[in-house]
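**Q**
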DNA sequence: CGGCGTTTTGAGGCGCATCAACCTGAGTGG
DNA sequence: CCACTCAGGTTGATGCGCCTCAAAACGCCG
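Protein chains in written order, with our numbering: chain U, 65 to 306; chain R, 65 to 306.
In structure tokens, the structure reads:
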């Protein structure tokens with residue numbers, strides 16, 4: 065976790081390029097950049113521990129960061145994979161609460177941290193920003209519930225199928241579509257509440273059933289209806305058991 | 065789900081008594097009451113299905129309501145138990161999205177629904193309300209993550225122990241404390257990601273270990289440190305396995 | 001006291017985690 | 001250009017824990 069010293073003007077430009085701040089006022093960004101600083105983290109190095117009270121808003125500039133809940137057996141349940149341009153920590157800041165998750169890098173990453181007081185000051189009384197942030201947090205909440213839906217399912221195969229269905233890009237090519245896993249398989253597995261072994265087994269099963277085709281980190285879904293069929297068939301099987 | 069016809073003035077008074085609207089302006093409440101209506105739901109009757117696009121903000125006046133994710137085997141994973149004075153549906157309204165959970169009554173309940181357009185109109189451009197709502201949603205998000213932490217734990221006993229630890233009231237009596245389960249055991253179990261059988265077994269185990277004492281729906285925790293000890297011991301056991 | 005909803009207790013099977021070994025591909029240095 | 005290394009992924013064998021199913025016990029209200 066090496067902190068880099070970067071001039072505020074450059075920081076402001078970097079901030080303005082983050083998707084997180086799309087549509088934000090330039091003046092606001094300048095002021096945010098004043099109390100901001102950038103640092104780098106090596107792969108799998110910790111950034112924040114669960115229970116820390118954050119004093120910054122965090123933005124992932126490059127690399128990838130995971131928010132995770134530490135489990136009793138030493139493993140992690142990944143709550144969110146944060147991609148470049150995205151941020152984390154607002155919710156805890158808004159409540160003045162401690163982080164409900166730990167933070168670590170999935171790979172070598174660059175992160176900017178923005179002073180909390182500055183951030184909160186800009187927010188308070190600014191309807192546009194408040195509305196923007198409200199929607200942001202609402203989206204995060206919805207996403208978390210979607211994750212919960214997946215990893216509450218009783219069958220591990222079903223979890224993988226549902227995950228793949230959710231990964232469909234908006235634009236679907238006529239002969240199916242291709243997705244790139246948003247991270248290492250171990251991290252995806254941890255997000256689905258599975259071990260990487262089970263995840264791997266389910267993927268190869270789907271492969272030999274002809275539902276998907278794996279080629280490295282990319283997965284081809286030749287026909288989306290096969291996935292839906294598989295989904296329905298698993299649900300039917302689970303229902304008759306109960 | 066019988067809708068009752070109640071005069072707006074009375075509705076306004078009822079709204080103002082809900083904890084949800086604590087601190088809200090009287091004028092705002094009057095306007096919200098205009099497009100509001102009240103209805104009653106019988107125990108275990110559905111209110112909304114997962115995927116519905118809600119057109120109202122919902123407030124539980126009496127009874128208890130559960131927000132749940134339907135599982136493939138016909139069971140439910142309860143996301144939240146909504147008590148009188150609390151509400152639900154804001155997040156989906158704010159995003160114009162469909163509900164990520166189904167809604168049903170845990171017992172005979174009275175619910176008020178407030179017209180979405182009215183609600184959103186009041187909110188937009190009102191910094192105080194926006195800030196209030198932002199914090200509300202942030203709290204909900206934190207609560208969801210806390211639930212996720214519990215029900216991601218690998219041991220069912222640990223989940224129950226963690227749940228009990230989270231139930232501690234702020235004021236702790238010197239000779240321990242007593243908690244009342246916030247709902248039926250089956251519902252609590254569904255919130256912890258357990259079957260009611262497993263939940264029952266874990267509770268009786270904790271009982272015969274002297275960690276807790278059950279008397280109907282109430283649970284005495286003679287000594288909180290015993291719970292923490294049990295927690296630590298389970299974690300140690302899980303760690304050594306891995 | 002009788003009825004129902006809820007919880008408890010018991011027996012059994014299966015799925016996933018666990019552990020361990022092997023495979024693959026990318027990066028490195030001689 | 002190949003030998004080596006290491007991280008990430010795959011595959012196989014085993015055991016335990018929780019879900020499932022079934023039935024009895026409890027608590028509550030009429």
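Glycine residues also receive a C-beta, built at the ideal position from the N, C-alpha and C atoms.
Give the secondary structure of residue 186 of chain U by DSSP, where H, G and I count as helix, E and B as strand, and everything else as coil.
**A** Taking the first residue of the first chain as position 1, residue 186 of chain U is located at position 122. Here residue 186 of chain U sits in helix by DSSP.
**Q** Just by C-beta distance, which residues in the stretch 219-251 of chain U are closer than 8 Å to chain R?
**A** For the stretch 219-251 of chain U, which is checked against every Cβ of chain R, the residues closer than 8 Å are 219, 222.
**Q** Identify the contact partners of residue 161 of chain R in chain U, using a Cβ-Cβ distance below 8 Å as the criterion.
**A** Numbered from its first residue, the second chain carries residue 161 of chain R at position 97. Within 8 Å Cβ-Cβ: 206.
**Q** For the beta strand (DSSP E) containing residue 134 of chain U, list its first residue and its last residue.
**A** Numbered from 1 along the first chain, position 70 holds the residue referred to as residue 134 of chain U. Residues 120-134.
**Q** Determine the DSSP secondary structure at residue 230 of chain R, reduced to helix, strand or coil.
**A** By one-based count along the second chain, residue 230 of chain R stands at place 166. Residue state, collapsed to three classes: helix.
**Q** Return yes when the Cβ of residue 175 of chain R is within less than 9 Å of the Cβ of residue 127 of chain R, no when it is not.
**A** Residue numbering aside, residue 127 of chain R sits at position 63 when the second chain is read from its first letter. Residue numbering aside, residue 175 of chain R sits at position 111 when the second chain is read from its first letter. Going by C-beta atoms, residue 127 of chain R is nearer than 9 Å to residue 175 of chain R.
**Q** Okay, do the stretch 166-185 of chain R and the stretch 158-178 of chain U touch, 3+ Cβ pairs below 8 Å being the bar?
**A** Cβ pair count under 8 Å is below three, so no.
**Q** Under 9 Å between C-beta atoms, does residue 302 of chain U make it to chain R?
**A** Locating residue 302 of chain U in the first chain gives position 238, counting from the first residue. Chain R contact via Cβ: present.
**Q** If you pair each beta-carbon of the stretch 178-189 of chain R with each one of the stretch 213-230 of chain U, do three or more pairs fall below 8 Å?
**A** Cβ pair count under 8 Å is below three, so no.
**Q** Step through the CB atoms of chain U and report whether any lies within less than 9 Å of the CB of residue 71 of chain R.
**A** Along the second chain, one-based indexing puts residue 71 of chain R at 7. Chain U contact via Cβ: absent.
**Q** Where do the ends of the beta strand (DSSP E) carrying residue 110 of chain R lie?
**A** Your numbering for residue 110 of chain R matches position 46 in the second chain. Run containing residue 110 of chain R: 110-112, per the beta strand (DSSP E) assignment.
**Q** Could you confirm whether any beta carbon from chain R is found closer than 9 Å to the beta carbon of residue 136 of chain U?
**A** As a working mapping, residue 136 of chain U is identified with position 72 in the first chain. So yes, residue 136 of chain U belongs to the interface.
**Q** State buried or exposed for residue 69 of chain U, treating a residue as buried only when at least 16 other CB atoms are found within 10 Å of its CB.
**A** Along the first chain, one-based indexing puts residue 69 of chain U at 5. That one is exposed.
**Q** Can you pull the chain R residues whose beta carbon is under 9 Å from the beta carbon of residue 299 of chain U, in chain order?
**A** The residue given as residue 299 of chain U occupies position 235 in the first chain. By Cβ distance, chain R contributes 136, 137.
**Q** For residue 244 of chain U, which residues does DSSP report across the bridge?
**A** Here the question's residue 244 of chain U lines up with position 180 in the first chain. In the DSSP output, where bridge partners are listed per residue, residue 244 of chain U has U/282.
**Q** Please list, in chain order, all residues of the same chain as residue 201 of chain R whose beta carbon is under 7 Å from its beta carbon, the five residues on each side excluded.
**A** As a first step, residue 201 of chain R is located in the second chain; it is residue number 137 there, counting from the start. So the qualifying residues of the chain are 154, 155.
**Q** Does the beta-carbon distance from residue 152 of chain R to residue 221 of chain R come in below 9 Å?
**A** Indexing the second chain from 1 puts residue 152 of chain R at position 88. Indexing the second chain from 1 puts residue 221 of chain R at position 157. For residue 152 of chain R and residue 221 of chain R, no; Cβs fall outside 9 Å.
**Q** Are the beta-carbon atoms belonging to residue 258 of chain U and residue 199 of chain R less than 9 Å from one another?
**A** The sequence position of residue 258 of chain U within the first chain is 194, counting from 1. The sequence position of residue 199 of chain R within the second chain is 135, counting from 1. No, these two residues do not count as a Cβ contact at 9 Å.
**Q** For residue 334 of chain U, which three-state DSSP category applies?
**A** Here chain U has residues from 65 to 306 only, and residue 334 of chain U is not among them.
**Q** Could you list which residues in chain U have their beta carbon closer than 9 Å to that of residue 110 of chain R, in chain order?
**A** Your numbering for residue 110 of chain R matches position 46 in the second chain. Within 9 Å Cβ-Cβ: nothing; residue 110 of chain R doesn't reach chain U, min ~18 Å.
**Q** Tell whether a beta-carbon distance below 9 Å holds between residue 208 of chain R and residue 162 of chain R.
**A** In the second chain, the residue the question calls residue 208 of chain R occupies position 144. In the second chain, the residue the question calls residue 162 of chain R occupies position 98. No.
**Q** For residue 84 of chain R, which residues of its own chain have a beta-carbon under 7 Å away from its beta-carbon, when the five flanking residues on both sides are left out?
**A** By 1-based counting over the second chain, the position of residue 84 of chain R is 20. Once the five neighbours on either side are set aside, the close Cβ partners of residue 84 of chain R are 123, 149, 150, 151.
**Q** Taking 9 Å as the CB-CB limit, is residue 143 of chain R close to chain U?
**A** Along the second chain, one-based indexing puts residue 143 of chain R at 79. With 9 Å as the cut-off, residue 143 of chain R counts as an interface residue toward chain U.
**Q** Check each candidate in U/129, U/136, U/116 and name the one with the smallest Cα separation from residue 106 of chain U.
**A** Translated into the one-based positions of the first chain, residue 106 of chain U becomes position 42. Out of U/129, U/136, U/116, U/129 has the C-alpha closest to the C-alpha of residue 106 of chain U.
**Q** So residue 288 of chain R and residue 232 of chain R are supposed to be a Cβ contact under 8 Å. How far apart are they, rounded?
**A** Your numbering for residue 288 of chain R matches position 224 in the second chain. Your numbering for residue 232 of chain R matches position 168 in the second chain. Yes, residue 288 of chain R and residue 232 of chain R are in contact; Cβ-Cβ is about 7 Å, under 8 Å.
**Q** Just to confirm, is the Cβ distance from residue 114 of chain U to residue 142 of chain U under 9 Å?
**A** To locate residue 114 of chain U, count along the first chain from 1; it is residue 50. To locate residue 142 of chain U, count along the first chain from 1; it is residue 78. Result no, Cβ atoms of residue 114 of chain U and residue 142 of chain U do not sit closer than 9 Å.
**Q** Pick helix, strand or coil for residue 80 of chain R, following the three-state DSSP scheme.
**A** Here residue 80 of chain R refers to the residue found at position 16 of the second chain. In the structure shown, residue 80 of chain R sits in a helix (DSSP, three-state: H, G or I).
**Q** List, in chain order, every chain U residue whose beta-carbon is nearer than 9 Å to that of residue 260 of chain R.
**A** Residue numbering aside, residue 260 of chain R sits at position 196 when the second chain is read from its first letter. Correct list: empty, because the minimum Cβ distance to chain U is about 14 Å.
**Q** Chain R beta carbons: is any one of them nearer than 9 Å to that of residue 197 of chain U?
**A** As a working mapping, residue 197 of chain U is identified with position 133 in the first chain. Closer than 9 Å: yes.
**Q** Buried or exposed for residue 249 of chain R, going by 16 or more other Cβ atoms inside 10 Å?
**A** Taking the second chain and counting its residues from 1, one reaches residue 249 of chain R at position 185. Answer is exposed; the Cβ neighbour count stays below 16.
**Q** Ordered along the chain, which non-local residues of its own chain (more than five positions away) have a Cβ less than 8 Å from that of residue 311 of chain R?
**A** Lying outside 65 to 306, the shown extent of chain R, residue 311 of chain R is not represented and no answer is given.
**Q** For residue 158 of chain U, go through chain R and note every residue whose CB falls closer than 7 Å to its CB, in chain order.
**A** Residue mapping note: residue 158 of chain U aligns to position 94 of the first chain, counting from 1. What residue 158 of chain U touches in chain R: 198, 199, 202.
**Q** For residue 164 of chain R, return the contacting residues in chain U, with the cut-off set at a CB-CB distance below 8 Å.
**A** Counting from one through the second chain, the residue named residue 164 of chain R turns up at place 100. Within chain U, the residues near residue 164 of chain R are 206, 209, 210, 213.
**Q** If we define contact as Cβ-Cβ less than 9 Å, is residue 118 of chain U a contact residue for chain R?
**A** Reading the first chain from its first residue, position 54 is the one you call residue 118 of chain U. By this cut-off, residue 118 of chain U is not an interface position.
**Q** Please name the residue in R/79, R/302, R/119 whose C-alpha comes closest to that of residue 217 of chain R.
**A** Start at 1 with the first residue of the second chain, and residue 217 of chain R comes out as number 153. The shortest C-alpha separation from residue 217 of chain R is found at R/302.
**Q** Looking at residue 283 of chain R: is its Cβ nearer than 9 Å to the Cβ of residue 243 of chain R?
**A** Here residue 283 of chain R refers to the residue found at position 219 when the second chain is read from its first residue. Here residue 243 of chain R refers to the residue found at position 179 when the second chain is read from its first residue. For residue 283 of chain R and residue 243 of chain R, yes; Cβs fall inside 9 Å.
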